[in-house]
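**Student:** Sharing a structure, written as structure tokens. Questions coming.
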Amino acid sequence: MITRTSDAPVAGVQHVQVGPERAGQRIDNALSTILKGVPRSLIYRLLRTGQVRVNGKRARPDTRLNAGDELRLPPLRQSAPAVGAVPDATLIERLRAAVVHRDKHFLVLDKPCGIASHGGSGISHGAIELLRAAFPDDSIELAHRLDRDTSGVLVLARSRSALLGVQAAIREGRVTKQYLCLMTGTLKRARFDVNVPLRKFDLAGGERLVRVADDGKPALTFFRELERYADASLVEATLATGRTHQIRVHAQHAGHALAGDEKYGAREVNKLWRARGLRRLFLHAARFEFEIDGQGWSFSTPLPEELRVVLQAQNP
Numbered sequence: 105m106i107t108r109t110s111d112a113p114v115a116g117v118q119h120v121q122v123g124p125e126r127a128g129q130r131i132d133n134a135l136s137t138i139l140k141g142v143p144r145s146l147i148y149r150l151l152r153t154g155q156v157r158v159n160g161k162r163a164r165p166d167t168r169l170n171a172g173d174e175l176r177l178p179p180l181r182q183s184a185p186a187v188g189a190v191p192d193a194t195l196i197e198r199l200r201a202a203v204v205h206r207d208k209h210f211l212v213l214d215k216p217c218g219i220a221s222h223g224g225s226g227i228s229h230g231a232i233e234l235l236r237a238a239f240p241d242d243s244i245e246l247a248h249r250l251d252r253d254t255s256g257v258l259v260l261a262r263s264r265s266a267l268l269g270v271q272a273a274i275r276e277g278r279v280t281k282q283y284l285c286l287m288t289g290t291l292k293r294a295r296f297d298v299n300v301p302l303r304k305f306d307l308a309g310g311e312r313l314v315r316v317a318d319d320g321k322p323a324l325t326f327f328r329e330l331e332r333y334a335d336a337s338l339v340e341a342t343l344a345t346g347r348t349h350q351i352r353v354h355a356q357h358a359g360h361a362l363a364g365d366e367k368y369g370a371r372e373v374n375k376l377w378r379a380r381g382l383r384r385l386f387l388h389a390a391r392f393e394f395e396i397d398g399q400g401w402s403f404s405t406p407l408p409e410e411l412r413v414v415l416q417a418q419n420p
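Add 104 to a position in the sequence shown, counting from 1, and you land on the number used in this note's numbering.
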């Protein structure tokens, strides 16, 4: 039995004991470091098909590790080169320019719409892979995630203590996550909450869909209207929980799907907003705040220009 942190891919079955430095880390992030050079898409495929085990049980991508856990890693072919292993230089520079904060603990990105937080499911390189290429001497890990179609604050950790601190704050509900979104239709109230459970469904081809379901996980979103237009409202959405697609599905459940939401919105409404110049989902992660050992951290980014232009064209 050995403890591994960052070695090359191995050819045979490996039994790896988790060291204390990985306690609390998600297994998908851990494997990205342990299996250096293995594409993120392959790591997710191994997890989805049950080929990675923790203490003999199948692991999910969001499984968190404990010191002393035993990982079973399947055989991997070292000879097969990763397709598209080298990220596009233009994308690397775009992400480098989008960094809004960097210190010894954190790197904070104003993530553009259209870039996933990480590679996988047909995506060669996400923000984490591009930033690792941009800053090859850094040790960078995702502290949380944003959907591919959501722009805004994405926090990455540059130290193990910072990563564990943010992850603990998220688990304990000590993080403030606020988004700006454009909700279609006319809101009946300027402030309202949506408190309904959500359940994820994995469709063919790796697509993920989330629905309101009694047997889902608890989910709570606070909505506050900031500006009202003729047939939509700019709204601040604050998350009390962090479920996949939470704001989008809660907005739909409230009868006011987000503008530009091709997955949960109405086709005719989205067609109308495209005619008004909206070319993406109107959802932006505006603020991310937390505290670690008595020190507060607050990161924010403004609404992107392509979304501000759409608002400026609307009638109050």
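Think of the CB as a built atom: it goes at the ideal place given N, C-alpha and C, for glycine as much as any other residue. Here the structure is a predicted model, which means the values were calculated and not measured.
Applying the criterion that 16 or more other CB atoms from any shown protein chain within 10 Å of the CB defines a buried residue, is lysine 161 buried or exposed?
**Tutor:** Residue 161 sits at position 57 when you count from the first residue of the sequence shown. With fewer than 16 Cβ atoms within 10 Å of its Cβ, lysine 161 is classed as exposed.
**Student:** Have a look at the DSSP bridge pairing and note the partners of glutamine 118.
**Tutor:** Here residue 118 refers to the residue found at position 14 when the sequence shown is read from its first residue. Answer is Leu177.
**Student:** If we count Cβ pairs, one from each stretch, closer than 8 Å, do we get three or more for the stretch 373-382 versus the stretch 250-267?
**Tutor:** Result no; under three Cβ-Cβ pairs closer than 8 Å.
**Student:** Considering only C-alpha positions, which residue in the set Cys217, Arg206, Ser404 and Val270 is nearest to aspartate 242?
**Tutor:** Along the sequence shown, one-based indexing puts residue 242 at 138. Of the listed residues, the one whose Cα sits closest to aspartate 242 is Arg206.
**Student:** For valine 279, I'd like the list of residues in its chain whose CB is within less than 6 Å of its CB, leaving aside the five on either flank, ordered along the chain.
**Tutor:** For the purposes of this step, residue 279 is identified with residue 175 of the sequence shown, where counting begins at 1. Ala273 and Phe394.
**Student:** Which residue from His119, Arg176 and Glu233 puts its Cα closest to that of proline 143?
**Tutor:** In the sequence shown, residue 143 corresponds to position 39, counting from 1. Nearest option by C-alpha distance: Glu233.
**Student:** For leucine 235, which of Cys217, Thr254, Asp253 and Val212 has the nearest alpha-carbon?
**Tutor:** Locating residue 235 in the sequence shown gives position 131, counting from the first residue. Here the closest residue by C-alpha is Val212.
**Student:** For valine 373, which residues in the same chain have their Cβ closer than 6 Å to its Cβ, ignoring the five residues on either side in sequence?
**Tutor:** The count along the sequence shown starts at 1 and reaches residue 373 at position 269. So the list reads Thr288, once near-sequence residues are dropped.
**Student:** Inspect the beta-carbon positions of alanine 389 and threonine 405 and report whether they are closer than 9 Å.
**Tutor:** Residue numbering aside, residue 389 sits at position 285 when the sequence shown is read from its first letter. Residue numbering aside, residue 405 sits at position 301 when the sequence shown is read from its first letter. It is a contact, given that the beta carbons lie within the stated cut-off.
**Student:** Do histidine 354 and lysine 367 have their beta-carbon atoms positioned less than 9 Å apart in this structure?
**Tutor:** The count along the sequence shown starts at 1 and reaches residue 367 at position 263. The count along the sequence shown starts at 1 and reaches residue 354 at position 250. No. Outside cutoff.
**Student:** What's the C-alpha gap between alanine 237 and aspartate 335?
**Tutor:** Taking the first residue of the sequence shown as position 1, residue 237 is located at position 133. Taking the first residue of the sequence shown as position 1, residue 335 is located at position 231. Near 43 Å, if we compare the C-alpha coordinates of aspartate 335 and alanine 237.
**Student:** From what residue to what residue does the alpha helix (DSSP H) around histidine 357 run?
**Tutor:** Position 253 of the sequence shown, counting from 1, holds the residue named residue 357. It spans 350-357 - the alpha helix (DSSP H) in which histidine 357 sits, taken as one unbroken run.
**Student:** Kindly indicate which residue of Leu338, Arg391 and Arg275 has the alpha-carbon position closest to the one of glutamine 282.
**Tutor:** The residue labelled residue 282 in the question sits at position 178 within the sequence shown. It is Arg391.
**Student:** State whether the stretch 192-202 contacts the stretch 126-138, with contact taken as three or more CB pairs (one from each stretch) at a distance under 8 Å.
**Tutor:** no
**Student:** Alpha carbon to alpha carbon, how far is leucine 250 from leucine 313? Give it in angstroms, no decimals.
**Tutor:** Your numbering for residue 313 matches position 209 in the sequence shown. Your numbering for residue 250 matches position 146 in the sequence shown. Roughly 15 Å between the two C-alpha positions.
**Student:** Isoleucine 396 by DSSP, collapsed to three states: which one?
**Tutor:** Locating residue 396 in the sequence shown gives position 292, where the first residue counts as 1. When DSSP states are grouped into helix, strand and coil, isoleucine 396 belongs to the strand group.
**Student:** Please state the DSSP three-state secondary structure of lysine 375.
**Tutor:** Against the sequence shown, residue 375 aligns to sequence position 271. Here lysine 375 sits in helix by DSSP.
**Student:** Of all the alpha helix (DSSP H) runs that stay within the bounds of the stretch 252-277, which reach a length of 4 or more residues?
**Tutor:** 264-275
**Student:** When you compare each of Arg315, Ile351 and Asp318 to arginine 328 by their alpha carbons, which one comes out closest?
**Tutor:** Here residue 328 is taken as the residue at index 224 of the sequence shown, counted from 1. Checking every option, the nearest Cα to that of arginine 328 belongs to Ile351.
**Student:** Secondary structure at serine 337, three-state DSSP: helix, strand or coil?
**Tutor:** As a first step, residue 337 must be located in the sequence shown, where it is residue number 233. Secondary structure of serine 337 (DSSP, three-state): strand.
**Student:** Taking only the alpha-carbon atoms, compute the straight-line gap between leucine 169 and serine 263 and give it to the nearest angstrom.
**Tutor:** Position 65 of the sequence shown, counted from the start, is the residue given in the question as residue 169. Position 159 of the sequence shown, counted from the start, is the residue given in the question as residue 263. Straight-line Cα distance between these residues: approximately 18 Å.
**Student:** Shortest alpha-carbon distance to leucine 411 belongs to which of Gly223, Thr254 and Arg152?
**Tutor:** In the sequence shown, residue 411 corresponds to position 307, counting from 1. Here the closest residue by C-alpha is Thr254.
**Student:** Beta-carbon within less than 6 Å of serine 337's beta-carbon, same chain only, minus the 5 sequence neighbours each way: which residues are those?
**Tutor:** Position 233 of the sequence shown, counted from the first residue, corresponds to residue 337. These residues qualify, in order along the chain: Met287, Leu291 and Glu329.
**Student:** So, under 8 Å CB-CB, aspartate 297 and phenylalanine 326 are touching, yes? Tell me the CB distance rounded to an integer number of Å.
**Tutor:** As a working mapping, residue 297 is identified with position 193 in the sequence shown. As a working mapping, residue 326 is identified with position 222 in the sequence shown. With a Cβ gap of about 5 Å, aspartate 297 and phenylalanine 326 count as contacting.
**Student:** If you draw a straight line from the C-alpha of leucine 175 to the C-alpha of serine 221, how long is it?
**Tutor:** Here residue 175 corresponds to residue number 71 of the sequence shown, with the count starting at 1. Here residue 221 corresponds to residue number 117 of the sequence shown, with the count starting at 1. Distance between the alpha carbons of leucine 175 and serine 221: 25 Å.
**Student:** Does the Cβ-Cβ distance between leucine 267 and glutamine 129 come in under 9 Å?
**Tutor:** Taking the first residue of the sequence shown as 1, we reach residue 267 at position 163. Taking the first residue of the sequence shown as 1, we reach residue 129 at position 25. Yes, Cβ-Cβ distance for leucine 267 and glutamine 129 is below 9 Å.
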